[in-house]
Amino acid sequence: MSLGTPKPSPATASFSSAGPLTRGAYPELTLHALVVGYFLGALIALSIGYAALKLGFSIEGSELAAILGFGVLRGILRRRSIVENNIVQTIASAVNGASSGLMFSVPAIFILGYGAELNPYVIAFGAMAGAILGIAFIIPLRKHMIDFERLTYPGGVAVASILRAPGAGIVKAKLLLGAMAISALVHGFVLYYQAEYFDLFGWIDGLTGVDIFPEYLNGIWFVSLMTMGVGYIAARGGLAFIIGGFLCYWLLAPMVDLAGLLPVEAGEMVTNPSRLRVLLFQPVGIGMLIGGAMIGVAFAFPLLRSAIAAMQSADKARSLAASDEMPIRFLYIAVIASTILLGVMAVSSTSEVGLVRGVMMALLGTVWVWMSGIILSEAIGRTNWSPLSGMTLIAVTLLIIITQSMGGMDRGPAIVAAVTVGAATCVAMSQATDLMMDLKTGYLVGATPRQQQIGQMLGAWLGPILIVGLVYVLHQAYGLGSEALPAPQGQALASMVDGILGGNVPVEKYAAGAMLGALLSAVFGGLGITVGLGFYLPFSIVLTYSLGSLMREITDRKLGERWSEHKGIPVAAGLIVGEALVGVAFAVNTIVSAG
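At the far end of the sequence shown sits residue 592, using my numbering, and the numbering has no gaps.
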């Protein structure tokens, strides 16, 4: 630019046939980004929250938000700023951050039978406080984890690749929306005609007129494109989950039958697969979830040392680039205010808590969020695997211990108080890891960290409201912990709480599962949890999930991994969103019709 040419203002813009051309700085945190981020975040949070209650685990929402963001910003609004779309996916994923945090914890209260004692307003505001707490604690670590250590954050890199390929982003958005429409139609048909399950072995026996297959082999398939989509996205990462399910019904069940060790009820051996799951495989699976999560936490704990060193030098690093980060004073205020709100929430959760216990629970929650946020962010940055459920289990255990101090609280109030505060800490941990992954994306596309940090905080309040409402709607329609909505992580938490408070639980099965889960996770990070989910979940879900994984393997080999990433994954994401939204809509309709 010559010296005689005036420098254009950042706000100056003109228009072409392709849409607005912004001269100067690219728009980043704008009203468009905020509104679109809220809309997409709500869509994704409801979809992934529903899927989490069905399948026991959630998927990362940032990539889905980036694809949909291109469809709205570039395809509809004709806006072409990469960093603006990055803010959209940051806000949307912040809204979705509450889905895994609350879906892993709150269902336990309903499963244990104390849903009527839960105050939805308290838990929603507590989750908001937890979200801000997690964000405020993790921001000072950005430079250490991303600029200095250069942690990989594979999920953040994947989102950056979408943002840097705008043409491909639009194509992916179209594929996602098309698959979403197909999935919605199919699931609507399935629900309307109550055809959610197909018994393949029973169908074959009916055709032949001969009982070929033993009942416990279980050839019942869950008719669900969403489940296939999750399997496709997970690819080989879900192989251990599949193996766990097949191991139960097609290997262990026949072996137990041959040995004459099948469970006995009313004087008869149990061969029904649903009863076998409840009596045998489910308790072992819960133990594996707990044992695998605990060993993951133990292995990740040494990461605290390097992170603490980074916190000590955070002020110095911040002084070199103060304009890029949120002010440290604001973060101090956010931490203090969130801790106070956690205390208020603990005291308000039930009248038996009292001031002293409430303060203890708030301080424990704050310290645990700080430590676990560091561990989880480093773990996901290095391995793309996060032991979030294990951290939540430990947090609730510690909170239960506090409720039993000073004379002890009654069972119901103790469970409600501990899980309520535990849910807030779980949301905080989820937000911390989500923000760090989004900051990695921003680092790769040239975004301003402070803009992303503000965007994360602006998005964090909406998710708790949506997810708490979703939990109540789905529980009223289907019942959490039922066959329709197993809520595996909530079941695991409920079983652990039940055991701590002296409930009637199969301790030997939990212990055996915990040892097996810990051993598997010690060999390979997260293996005990994924195999345990295969034990825990209905085999019908495992069978359908395996189809998605098989399809991914076929497309990877025949069409190439690039095709799978650019075509297959957007389609799979659409299958998840379409079915989930129809499932939620049917739940609302069920409640309205009944009431």
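Quick reminder that beta carbons are idealized off the backbone N, C-alpha and C, glycines included.
Span of the alpha helix (DSSP H) around residue i
{"i": "D407", "result": "From DSSP, D407 is part of no alpha helix (DSSP H); its letter is neither H nor E."}
{"i": "F238", "result": "236 to 244"}
{"i": "F122", "result": "117 to 135"}
{"i": "I551", "result": "536 to 555"}
{"i": "H29", "result": "28 to 52"}
{"i": "D495", "result": "485 to 497"}
{"i": "F107", "result": "104 to 108"}
{"i": "G529", "result": "524 to 533"}
{"i": "M142", "result": "Run containing M142: none; DSSP gives neither H nor E here."}
{"i": "T224", "result": "222 to 231"}
{"i": "L99", "result": "79 to 100"}
{"i": "A62", "result": "59 to 66"}
{"i": "V69", "result": "Segment: none, V69 is in no alpha helix (DSSP H) and carries neither H nor E."}
{"i": "L255", "result": "250 to 255"}
Assigned secondary structure, residue i (DSSP; H/G/I helix, E/B strand, else coil)
{"i": "Y475", "result": "coil"}
{"i": "M403", "result": "coil"}
{"i": "E480", "result": "coil"}
{"i": "M266", "result": "strand"}
{"i": "V261", "result": "strand"}
{"i": "M323", "result": "coil"}
{"i": "L18", "result": "Caution is warranted here: a pLDDT of 41 is assigned to L18, below 50, making its placement in the model unreliable, and no coordinate value can be reported."}
{"i": "W458", "result": "coil"}
{"i": "I573", "result": "helix"}
{"i": "T445", "result": "coil"}
{"i": "F583", "result": "helix"}
{"i": "D208", "result": "coil"}
{"i": "T596", "result": "Summary: the structure shown does not reach residue 596, with the chain confined to residues -2 through 592, and so no result is reported for it."}
{"i": "P280", "result": "helix"}
{"i": "T347", "result": "coil"}
{"i": "D503", "result": "Checking the sequence, you will find Pro at residue 503 rather than Asp. DSSP places P503 in coil when its eight states are reduced to three."}
{"i": "A359", "result": "helix"}
{"i": "Q450", "result": "helix"}
{"i": "R596", "result": "There is simply no residue 596 to check, as the chain begins at -2 and stops at 592 in what is shown."}
{"i": "Q191", "result": "coil"}
{"i": "F521", "result": "coil"}
{"i": "R161", "result": "coil"}
{"i": "E645", "result": "Missing from the structure shown is residue 645; the chain here goes from -2 to 592 and no further."}
{"i": "E25", "result": "coil"}
{"i": "Y440", "result": "helix"}
{"i": "S11", "result": "With a pLDDT of only 40 at S11, under the threshold of 50, the placement of this residue in the model should not be trusted; the figure read from the coordinates follows. In this structure, S11 counts as strand in the three-state DSSP scheme."}
{"i": "Y150", "result": "coil"}
{"i": "A318", "result": "Residue confidence is low: A318 scores 48 on pLDDT, short of 50, so the model does not pin down where it sits. Its coordinate-derived value is still stated next. In the structure shown, A318 sits in coil (DSSP, three-state: anything other than H, G, I, E or B)."}
Host beta strand (DSSP E) of residue i (start-end)
{"i": "Y194", "result": "194 to 196"}
Residues that DSSP places opposite residue i in a beta bridge
{"i": "I217", "result": "D196"}
Given residue i as reference, the closest of the options once Cα atoms are compared
{"i": "T87", "options": "A49, G68, G510, E60", "result": "E60"}
{"i": "Y475", "options": "A232, Y23, L43, K51", "result": "K51"}
{"i": "F198", "options": "L540, E480, E81, L513", "result": "L540"}
{"i": "L478", "options": "L109, F122, I79, Y118", "result": "Contrary to the premise, residue 478 reads as Gly rather than Leu in this sequence. Looking at the Cα atoms, L109 is the closest of the given residues."}
{"i": "R233", "options": "M406, I106, G456, D553", "result": "D553"}
{"i": "L471", "options": "A577, A519, M142", "result": "A577"}
{"i": "S374", "options": "M426, L395, T417", "result": "M426"}
{"i": "Y213", "options": "L204, F238, S271", "result": "S271"}
{"i": "K127", "options": "A570, V418, A519", "result": "Sequence check: residue 127 is Gly here, not Lys. Among A570, V418, A519, the Cα nearest to that of G127 belongs to V418."}
{"i": "I412", "options": "V589, G404, T400, T422", "result": "T400"}
{"i": "L273", "options": "L258, I135, T224", "result": "L258"}
{"i": "K171", "options": "E114, I209, I64, I136", "result": "I64"}
{"i": "I292", "options": "A570, A231, A263, I391", "result": "I391"}
{"i": "V574", "options": "A49, W560, T27, L547", "result": "A49"}
{"i": "Q428", "options": "A113, S590, Q191, G370", "result": "G370"}
Beta-carbon proximity check, residue i vs residue j, cutoff 9 Å
{"i": "L244", "j": "G531", "result": "yes"}
{"i": "G340", "j": "M358", "result": "yes"}
{"i": "G235", "j": "Y542", "result": "yes"}
{"i": "L556", "j": "K564", "result": "yes"}
{"i": "G58", "j": "S102", "result": "no"}
{"i": "G284", "j": "K506", "result": "yes"}
{"i": "G362", "j": "I79", "result": "no"}
{"i": "P410", "j": "S335", "result": "no"}
{"i": "A42", "j": "I464", "result": "yes"}
{"i": "F536", "j": "Y246", "result": "yes"}
{"i": "I84", "j": "G289", "result": "no"}
{"i": "V366", "j": "T422", "result": "yes"}
{"i": "V220", "j": "G545", "result": "no"}
{"i": "L432", "j": "I201", "result": "no"}
{"i": "A420", "j": "G94", "result": "no"}
is_contact[residue i, chain D] using C-beta, thresh 9 Å
{"i": "F36", "result": "Among the chains of the structure shown, chain D does not appear; only one protein chain is present."}
Closer than 8 Å: residue i CB and nearest the ligand FAD heavy atom
{"i": "I292", "result": "Among the components modelled here there is no ligand, and therefore nothing to report on the ligand FAD."}
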